[in-house]
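Peer 1: Encoded as structure tokens, here's the structure I'll be asking about.
Number of protein chains: 2
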Amino acid sequence: MSGEKNTEAQIIAAAKKIFMQKGLAGARMQDIADEAGINKAMLHYYYRSKDKLFEIIFNEAADNVFRVLSAILQSDMPFREMIAAIIDNYIDNLIKNPYLPVFVLNEIHQNPERIVSRFTKSGNSPDIQAFMDKVNKAQKKKQIRSIQPLQLLLNIVSMCIFPFAARPLIQTVSGASDQQWKELMEERKALVTEFILRALEP
Amino acid sequence: MSGEKNTEAQIIAAAKKIFMQKGLAGARMQDIADEAGINKAMLHYYYRSKDKLFEIIFNEAADNVFRVLSAILQSDMPFREMIAAIIDNYIDNLIKNPYLPVFVLNEIHQNPERIVSRFTKSGNSPDIQAFMDKVNKAQKKKQIRSIQPLQLLLNIVSMCIFPFAARPLIQTVSGASDQQWKELMEERKALVTEFILRALEP
DNA sequence: GTCTATAGCTGGATAGAC
DNA sequence: GTCTATCCAGCTATAGAC
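Below you can see the structure in the form of structure tokens.
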């Protein structure tokens, strides 16, 4: 009875780290056990199988991706503030979770059904319709020029997420140190917001 | 002597398909053999090991990613045309190679040294400096407003590549069919170009 | 060159002692 | 609950016949 809750949490933390870095196929139960400072048998004792353990980690990660969007879409800030909030929150979140994009993108790609079911399961799926309504409303009011809402949303999340997915490549190409990388991403918060708002000027 | 050159090419084509979809860790030599219509032993006869075969496929894919950029960066078109050309070529290329982004991103992430060595090996590494010079020159001429060139480049490639990396998620969220997806991406060529040029207006 | 058979190893999962 | 030992499936790689 010594570990129990504690061991459980340690396993989740270790699994998160390993799965995020190596993906489902690349991760080894032994890696996770080592990371958690226990042995393989315990993993099965608590979480039955590799797949079950993975599912927990993946769902948590997928929810994380959605949550950032949906929280903001549900609020009713003015259009420009909403854009700024989406970008600020995404980039902040990704600075804290650098492996998230590649992990989620890769596993979705390997098994698309996973994300479909997670999205349908509602709870915190982002309300895309609400976003579209807001864009259309801002257009009617002549606050922004005409643009297809889905394409705008793609532009926003692309500019937020992609640099993190391509980080090793970007650091190689640009020769940026880890410190410079962080500064570059911090700069992006204001820069991307301004970039988008300028592009939308009527 | 029957197959020879032909068999070799068949193996590469099959390996490309399987590795692109499943990645290094997820792919099985048996999958590749099945796809090529031969048996496992042949793979080793021609390419020695799984790692060697993978390296060939990965290098080809990485070069592809770089080539799109470097060809345009080497030409000396006017600034606005260069932007349009980068976007057109990237999106066209990705419509033809939908698995490319996730594959390259994921494998770079698993083993960053791979891309570093590929980039250093020159040949067709994109000339980032040339891009930066062009942006600075356009700024001096007051053709565009002030922006850090690297950030601009990130914005451009992000908007081109990310949607393809996130395709299953986007189709789920938006409910787009495969046909609608293709139309959406075709639309993006003009849309992203206009979006960027508007954001850069002085 | 191409195939079948199999060696040799890795890794997920379980049995059973404590 | 936790550990050690072990089973067994699946995989890469090779040996050897044709």
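So the sequence lines, in the order shown, correspond to chains A and B. In terms of my numbering, the first sequence opens at residue -3 and continues consecutively. In terms of my numbering, the second sequence opens at residue -3 and continues consecutively. For glycine and all other residues, C-beta sits at the position ideal for the given N, C-alpha and C.
1) What ranges does the alpha helix (DSSP H) occupy inside the region 118 to 196 of chain B, keeping only unbroken runs of at least 4 residues that lie completely in it?
2) Taking the alpha helix (DSSP H) that B/M73 falls in, what are its first and last residues?
3) Determine whether the Cβ of A/P159 lies closer than 7 Å to any Cβ atom of chain B.
4) For A/L96 and chain B, any beta-carbon pair shorter than 7 Å?
5) Assign A/P94 to one of three DSSP states: helix, strand, or coil.
6) Using the Cα positions of A/R63 and B/K117, report the straight-line distance between them to the nearest angstrom.
7) B/F191 to A/L196, Cα distance in whole Å?
8) Residues of chain A with a CB under 8 Å from the CB of B/I111: which are they?
9) Using a Cβ-Cβ cut-off of 7 Å (strictly less than) and excluding sequence neighbours within five positions of B/I14, which residues of its own chain qualify?
10) Please confirm whether A/L39 has its beta-carbon closer than 7 Å to some beta-carbon of chain B.
11) Are the region 51 to 58 of chain B and the region 157 to 176 of chain B touching, with three or more C-beta to C-beta distances below 8 Å?
12) Reducing DSSP to helix, strand and coil, say where A/S45 ends up.
13) Give a yes or no on whether 7 Å exceeds the smallest Cβ distance from A/A199 to chain B.
14) Just to confirm the assignment, what range does the alpha helix (DSSP H) spanning A/N2 have?
15) Helix, strand or coil: how does DSSP classify B/I87 here?
16) Just curious, the alpha helix (DSSP H) that A/I111 is in, first and last residue?
17) Closest by CA to A/Q147, which one among B/F158, B/D129, B/N120 and B/S45?
18) Quick one: which chain A residues come within Cβ less than 8 Å of B/Q139?
19) For A/Q175 and chain B, any beta-carbon pair shorter than 7 Å?
20) Rounding to the nearest angstrom, what Cα-Cα distance links A/R268 and A/C156 in this structure?
21) What residues from chain B crowd round A/K18, counting only those whose CB sits closer than 8 Å?
22) So is A/N60 in contact with chain B if we call contact Cβ pairs under 7 Å?
23) Please confirm whether B/A195 has its beta-carbon closer than 7 Å to some beta-carbon of chain A.
24) Drop a sphere of 10 angstroms on the beta-carbon of B/N151, count the other beta-carbons inside from all chains shown, and report buried for 16 or more, exposed for fewer.
25) Please classify B/H105: is it buried, with 16 or more other beta-carbons within 10 angstroms of its beta-carbon, or exposed?
26) If we count the other Cβ atoms within 10 Å of its Cβ and call it buried at 16 or more, is A/A186 buried or exposed?
27) Residues in its own chain within less than 7 Å of B/Q17 by CB, not counting five upstream and five downstream?
28) Could you compute how far the alpha carbon of B/D84 sits from the alpha carbon of B/N60?
29) Less than 8 Å between C-beta atoms, sequence neighbours within five positions excluded: which residues of the same chain meet that for B/Y42?
30) Between A/P54 and chain B, is there a C-beta pair that is closer than 7 Å?
Peer 2: Reading from the atomic positions:
1) List check, alpha helix (DSSP H) in window: 124 to 136, 145 to 161, 163 to 170 and 174 to 196.
2) Stepping through the second sequence from its first residue, residue 73 of chain B is reached at position 77. Looking at the DSSP string, B/M73 is not in any alpha helix (DSSP H), and its letter there is neither H nor E.
3) The residue labelled residue 159 of chain A in the question sits at position 163 within the first sequence. For A/P159, the answer is yes, since a Cβ of chain B falls inside 7 Å of its Cβ.
4) Position 100 of the first sequence holds residue 96 of chain A. No, A/L96 lies away from the interface with chain B (no Cβ there is under 7 Å from its Cβ).
5) As a working note, residue 94 of chain A is residue 98 in the first sequence. A/P94: coil per DSSP, three-state reduction.
6) Position 67 of the first sequence, counting from 1, holds the residue named residue 63 of chain A. Position 121 of the second sequence, counting from 1, holds the residue named residue 117 of chain B. Approximately 41 Å between the Cα atoms of the pair.
7) By one-based count along the second sequence, residue 191 of chain B stands at place 195. By one-based count along the first sequence, residue 196 of chain A stands at place 200. One Cα belongs to B/F191, the other to A/L196, and the distance between them is close to 8 Å.
8) Residue 111 of chain B sits at position 115 when you count from the first residue of the second sequence. One finds P164, L165 and T168 in chain A with Cβ atoms closer than 8 Å to the Cβ of B/I111, taken in chain order.
9) In the second sequence, the residue the question calls residue 14 of chain B occupies position 18. For B/I14, the CB contacts under 7 Å within the same chain, skipping 5 residues up- and downstream, are A23, D27, I28 and E31 in chain order.
10) Your numbering for residue 39 of chain A matches position 43 in the first sequence. Output row for A/L39: interface = no.
11) The region 51 to 58 of chain B, when compared against the region 157 to 176 of chain B, does not touch it at the 8 Å Cβ threshold.
12) Here residue 45 of chain A refers to the residue found at position 49 when the first sequence is read from its first residue. In the structure shown, A/S45 adopts coil according to DSSP, grouped into three states.
13) Since the first residue of chain A shown is -3 and the last is 198, residue 199 of chain A is not available in this structure.
14) To locate residue 2 of chain A, count along the first sequence from 1; it is residue 6. Segment K1 to G22, the alpha helix (DSSP H) holding A/N2.
15) Counted from its first residue, the second sequence places residue 87 of chain B at position 91. Helix, per DSSP.
16) By 1-based counting over the first sequence, the position of residue 111 of chain A is 115. Residue range P108 to T116 is occupied by the alpha helix (DSSP H) that includes A/I111.
17) Taking the first sequence and counting its residues from 1, the one referred to as residue 147 of chain A is at position 151. Of the residues B/F158, B/D129, B/N120 and B/S45, the one whose Cα lies closest to the Cα of A/Q147 is B/F158.
18) Stepping through the second sequence from its first residue, residue 139 of chain B is reached at position 143. What B/Q139 touches in chain A: nothing, since even the nearest Cβ is about 15 Å away.
19) Here residue 175 of chain A refers to the residue found at position 179 of the first sequence. In terms of beta-carbon proximity, A/Q175 stays away from the interface with chain B, with every pair separated by 7 Å or more.
20) The first residue shown for chain A is -3 and the last is 198, placing residue 268 of chain A beyond what the model contains.
21) Mapped onto the first sequence, residue 18 of chain A falls at position 22. Per Cβ cutoff of 8 Å: A21 and Q106.
22) By one-based count along the first sequence, residue 60 of chain A stands at place 64. With its beta carbon at least 7 Å from every one in chain B, A/N60 lies outside the interface.
23) Looking up residue 195 of chain B in the second sequence gives position 199. Among the CB atoms of chain A, one or more fall inside 7 Å of the CB of B/A195.
24) In the second sequence, residue 151 of chain B corresponds to position 155, counting from 1. Buried, by the Cβ-count rule.
25) Mapped onto the second sequence, residue 105 of chain B falls at position 109. By the C-beta density criterion, B/H105 is buried, having at least 16 other C-beta atoms within 10 angstroms.
26) Start at 1 with the first residue of the first sequence, and residue 186 of chain A comes out as number 190. A/A186 comes out exposed.
27) Here residue 17 of chain B refers to the residue found at position 21 when the second sequence is read from its first residue. For B/Q17, where only same-chain residues beyond five positions count, the Cβ hits under 7 Å are Y95.
28) Residue mapping note: residue 84 of chain B aligns to position 88 of the second sequence, counting from 1. Residue mapping note: residue 60 of chain B aligns to position 64 of the second sequence, counting from 1. Near 15 Å, if we compare the C-alpha coordinates of B/N60 and B/D84.
29) The sequence position of residue 42 of chain B within the second sequence is 46, counting from 1. Around B/Y42, the same chain offers T3, E4 and I7 as residues with beta carbons nearer than 8 Å, after the five sequence neighbours per side are excluded.
30) Within the first sequence, residue 54 of chain A is the residue found at index 58, counting from 1. Pro is not the amino acid found at residue 54 of chain A; the sequence shown has Phe there. No - not a single Cβ of chain B is within 7 Å of the one on A/F54.
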